[in-house]
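Chains as they are written, first to last, in my numbering: chain R, 278 to 604; chain E, 278 to 604.
Note that CB positions come from ideal geometry on N, CA and C, so glycine has one too.
Just below is one structure, and these are the notes that go with it.
There are 2 protein chains.
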Amino acid sequence: MTGVHTATLDDVARAAGVSRATASRVITGQGPASQRSRDSVTAAVAALGYVPDASARALVTRTGTRLAIAVIGHTAAVLDDPYVGRVLTSAAHVAAEREVGVSLHWLPLHDPGSLARLADGRGLGGLVVVNPTRPALETVPRELRGRVAAVGVGTRHVPSFDVDNRAGTDGVVRHLVRTGRRRIAMVTGPAWLPCGDRAVEAYRKVLHDSGGEPRVVPGDFTAARGAEAAVEIMARWPDTDAVFALSDLTALGVLDGLHALGVRVPGDVAVAGFDDIAFAGLSRPALTTSTHPVEDIAAAAAQAVLDRRDTSGATFYPSALVVRESA
Amino acid sequence: MTGVHTATLDDVARAAGVSRATASRVITGQGPASQRSRDSVTAAVAALGYVPDASARALVTRTGTRLAIAVIGHTAAVLDDPYVGRVLTSAAHVAAEREVGVSLHWLPLHDPGSLARLADGRGLGGLVVVNPTRPALETVPRELRGRVAAVGVGTRHVPSFDVDNRAGTDGVVRHLVRTGRRRIAMVTGPAWLPCGDRAVEAYRKVLHDSGGEPRVVPGDFTAARGAEAAVEIMARWPDTDAVFALSDLTALGVLDGLHALGVRVPGDVAVAGFDDIAFAGLSRPALTTSTHPVEDIAAAAAQAVLDRRDTSGATFYPSALVVRESA
DNA sequence: CCCACACATGGAAGCGCTTCCACCGCAATA
DNA sequence: TATTGCGGTGGAAGCGCTTCCATGTGTGGG
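Here it is as structure tokens:
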């Protein structure tokens, strides 16, 4: 509570010499208004520095004008991964273009109900869930259905937008095979993230086709885990000649772990990542990876939600192989 | 609007057999209430799945309960730099602990007025400005003064929280001098970011003290610019034996540019960065840099704002030198 | 010259909530 | 027994806004 008096619609109306109703019409641009009142209201608004109260407006219009972005799994991993930042920025951008506010929420992994609480009141225009888990998506309040989209693999209930993990993985692993690798290990993402399943399937299939046997090690999308995983892999399967990680961050960690082990990349072991983050091109050796239109994906999700578009089902975006030095 | 009827306080009150006033008292926990009504209201809330309407509440309490985070300068640079993500996450974390919402805003660099528009209505608990510019800060609406904090160097008007750029730079450059470098170049940050000034000053001072002449090249906190800057520096001052960049991202770019030039690091030229982002330890050679408590800084800003604490003036946080391989 | 008709306008209702205030019953005190 | 005090309560006002509706005011056609 500042003691300062903030201008209200009433003040504007009085200053403009019109009624509240007219002032409102002019300001919202809805309904008829003569040029004269239009001018005087506009002038009064400028003079008083009037800014409509969003709460009051939302209360009466019942048209929640806010895009909520919920990131599930608030851990150090989420924090460091540029992927989330890219999603956030892109979604926020779409919202800004439409002049709707954006609210940000970090949700704990194991409290699915938190998504429901998010719809505090009805001032919510839409909800984009990043890194969705099945349980979380299923607790979305009924009245929000149709205004929720997932960035990542979701459920039948809400439309989801994701990179085609299957095709992407296929592309990378096939590249490894094409360049003569056969004993290829894979570091997956966190088990709770459904998108990993499709990637692992694709990896298994390519290995099966090329006569290799799968070597899967769990990951969590962090660099630290990548370094660990590298050590694990080389200890367990010393003849490994390639490592594919489902995250660039992890791949970078693998690079690090391998370096510490004295293993040469790509001489002894090829390394490939996934996502093509900014640093992928900056590592030594530069990381071979798969690039995704993350911004497009996030923007599509935001748009779908804001448009109340009924895009149920999953939309997959293509990825492209980026060959650099590491594989 | 969904056809679904959402429960209102009226419904709860009716179901609980009490008045709206009593129901409100129980729900907010303010004011007296008998155990009996407390129980029946609680039961009704649960049964109806009642969630208070945030807009209505904000409208009447006038106690805006939302933390706005505004990032100034929405460019690719901001997008890629993990720094912003760290600030965001930490501030959002503080807000979550206090159960206040967070709204996110990317503000264009050259539209200072946008900060004013941000205070849409009075539903704003506080405002944290990241990468503040002087003009932007000066347009903050009067009624918001006292509820604004800057992450980065600000103005007299609002409390600011930042790393001690002067001391940090001093530490890094002195380290370079200590390890025998004398012809040290510096890549600055964007000119519009005031924090850079103090850093450049410190750099100049150390160079002056050690008998070197300053070699300053403008940067913009991106990796791409770092690579360019490296080429520029080596062309203009071929005998340069160290480069200090005011951003790890840029330093990584410098590493890249130098590599392309066939310059060895740290053999021929030492490279040092600033910020200690996650990738600093992952580059080859690993980046020597200065580490900052970015999370603490952002949290302090958020807390100051939310507490309406009157911490005017600037608070600087200490940095620490992290010596790795590149210098 | 009058009626219909559009347009512009102000009055008033009401969105869902908190909170002031008056009220009521009850136990404690005189 | 009469008075005070107090926890518990409901009525009602009002936060700032949009929007329905009834009421003017001017135009063109009959």
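query	result
Can you tell me the Cα-Cα spacing of E:Leu564 and E:Asp553, whole angstroms?	8 Å
E:Ala310 by DSSP, collapsed to three states: which one?	coil
What's the call for E:Gln580, buried or exposed, on a 16-neighbour Cβ count within 10 Å?	buried
Would you check if there are 3 or more beta carbon pairs closer than 8 Å linking the region 460-471 of chain R to the region 513-520 of chain R?	yes
In or out: E:Asp486 buried (at least 16 other Cβ within 10 Å) or exposed?	exposed
Whole angstroms is fine: what's the gap from E:Val405's alpha carbon to R:Pro491's?	49 Å
State the DSSP-derived secondary structure class of E:Ile554, mapped to helix, strand or coil.	coil
What residues in the region 365-376 of chain E bring their beta carbon closer than 8 Å to a beta carbon of chain R?	Leu365, Thr366, Ala369, His370 and Ala373
Could you give the DSSP three-state label for R:Asp584: helix, strand or coil?	coil
DSSP on R:Leu401, reduced to helix/strand/coil?	coil
For E:Gly445, collect the residues of the same chain with a Cβ closer than 6 Å to its Cβ; drop the 5 residues on either side in sequence, then sort them by chain order.	Ser567 and Ser596
On the DSSP bridge list, what partners appear for R:Ser605?	Since the first residue of chain R shown is 278 and the last is 604, residue 605 of chain R is not available in this structure.
Count the other CB atoms within 10 Å of the CB of E:Gly489; is the residue buried (16 or more) or exposed (fewer)?	buried
For R:Asp573, I'd like the list of residues in its chain whose CB is within less than 7 Å of its CB, leaving aside the five on either flank, ordered along the chain.	Tyr594
Does the CB of E:Leu532 have a neighbour CB from chain R at under 9 Å?	yes
Output, in chain order, the set of chain E residues within a Cβ distance shorter than 8 Å of R:Arg585.	The contacting residues do not exist; R:Arg585 stays about 10 Å from chain E at best.
Any beta-carbon of chain E closer than 9 Å to the one on R:Phe556?	yes
Taking 8 Å as the cut-off, does the region 318-326 of chain E touch the region 286-303 of chain E (at least 3 CB pairs, one atom from each stretch)?	yes
According to the Cβ coordinates, are R:Gly402 and R:Leu344 closer than 9 Å?	yes
Less than 9 Å between the beta carbons of R:Ala500 and R:Asp533, yes or no?	yes
Check the C-beta distance from R:Gly558 over to R:Leu523 and give it rounded, since I have them as a contact under 8 Å.	At roughly 19 Å, the Cβ-Cβ gap does not stay under 8 Å, so R:Gly558 and R:Leu523 are not in contact.
Taking only three categories from DSSP, how would you classify E:Leu523?	coil
Taking R:His382 as the reference, give the member of R:Asp358, R:Ala373 and R:Asn408 with the closest Cα.	R:Asn408
Within 10 Å of its beta-carbon, does E:Gly530 have 16 or more other beta-carbons around it, so buried, or fewer, so exposed?	buried
Taking Cβ-Cβ distances shorter than 8 Å, what residues in chain E pair up with R:Trp383?	Thr366, Ala369, His370 and Ala373
Once you ignore the five residues that flank E:Val546 on each side, which residues in its own chain have a CB closer than 7 Å to its CB?	Thr517, Asp518, Ala519, Val520, Leu535 and Val540
Could you compute how far the alpha carbon of E:Gly448 sits from the alpha carbon of R:Val542?	35 Å
Would you please verify whether the beta carbon of R:Ser311 is less than 9 Å from any beta carbon of chain E?	no
Which residue wins for smallest C-alpha separation from R:Gly503, given the options R:Arg513, R:Asp525, R:Ala512 and R:Leu386?	R:Asp525
Tell me, please, whether the CB atom of R:Pro616 is closer than 9 Å to any CB atom in chain E?	Residue 616 of chain R cannot be examined here, being either before or after the span of chain R that is shown, 278 to 604.
Between which two residues does the beta strand (DSSP E) harbouring E:Gly378 extend?	Gly378 to Leu384
Just confirm the distance between the C-beta atoms of E:Arg451 and E:Val483, as a whole number of angstroms; I'd bet it's less than 8 Å.	6 Å
Mind listing the chain R neighbours of E:Leu325? Cutoff is C-beta to C-beta under 7 Å, in chain order.	Here the premise fails: no neighbours, minimum Cβ distance about 13 Å.
Beta-carbon separation of R:Val425 and R:Leu414 under 9 Å?	yes
Starting from E:Asp439, trace the alpha helix (DSSP H) both ways and give me its first and last residue.	Looking at the DSSP string, E:Asp439 is not in any alpha helix (DSSP H); the run it does join, the beta strand (DSSP E), is Ser437 to Val440.
Could you run through the region 514-529 of chain R and flag, in chain order, every residue whose CB is less than 9 Å away from some CB of chain E?	Leu526 and Leu529
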